[in-house]
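A.B. asks: Dropping the structure in here first, questions after.
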């Protein structure tokens with residue numbers, strides 16, 4: 004058996020997505036296919052990850068800004084960034100102005 008080679012960050016060189024944990028890869032996979040799950044997304048999040056939806060979205064939000072996640076699945080990350088940016092713009096446009 005040949006020893007595993009390691010990357011400078013301590014990861015396994017055979018790891019297809021260095022810098023991402025197994026759970027982070029699972030979250031990205033889930034997010035890319037969540038519509039296939041029966042029932043509400045929140046229930047699927049609880050069942051699959053044993054996380055509250057709030058915690059899941061916190062983790063996903065950090066992944067959206069992760070260069071490792073972008074390298075892993077650029078199309079998904081770009082789509083999630085566009086969705087997030089659109090929601091932030093919509094909130095900003097609907098917020099009342101208080102400097103008047």
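Residue numbers (my numbering): 4 to 103. Even for Gly, the Cβ is constructed at its ideal location relative to N, Cα and C.
1. Along the chain, where does the alpha helix (DSSP H) containing residue 21 start, and where does it finish?
2. So what's residue 14 in DSSP terms, helix, strand or just coil?
3. For residue 25, count neighbouring Cβ atoms within 10 angstroms of its own Cβ and tell me buried if that reaches 16, exposed if not.
4. Hey, residue 79 and residue 31: beta-carbon distance below 8 angstroms or not?
5. Measure the C-alpha to C-alpha separation of residue 13 and residue 37 and round it to an integer number of angstroms.
6. Can the beta-carbon of residue 34 be found less than 8 angstroms from the beta-carbon of residue 62?
7. Would residue 72 pass as a contact of residue 27 if the rule is Cβ separation under 8 angstroms?
8. Quick test of your reading: residue 90 and residue 67, contact by CB under 8 angstroms. State the CB separation rounded to the nearest angstrom.
9. Hey, how far is the Cα of residue 60 from the Cα of residue 47?
10. What separation, rounded to the nearest whole angstrom, lies between the Cα atoms of residue 15 and residue 75?
C.D. replies: With the structure as the only source:
1. Counting along the chain, residue 21 falls outside any alpha helix (DSSP H), and DSSP gives it neither H nor E.
2. Legend: pLDDT at residue 14 = 44, less than 50; position of this residue unreliable, value from coordinates given subsequently. Correct three-state label for residue 14: coil.
3. exposed
4. yes
5. Confidence in residue 13 is poor, its pLDDT being 42 and thus under 50, which makes the residue's placement unreliable; the coordinate value appears in the next sentence. So the alpha carbons of these two residues sit roughly 31 angstroms apart.
6. no
7. yes
8. Not quite, the Cβ-Cβ distance comes to about 12 angstroms (not below 8 angstroms), so this is no contact.
9. 13 angstroms
10. With a pLDDT of 47 at residue 15, under the threshold of 50, the modelled position of this residue cannot be trusted; read the value that follows with caution. Cα to Cα, the separation comes out at about 15 angstroms.
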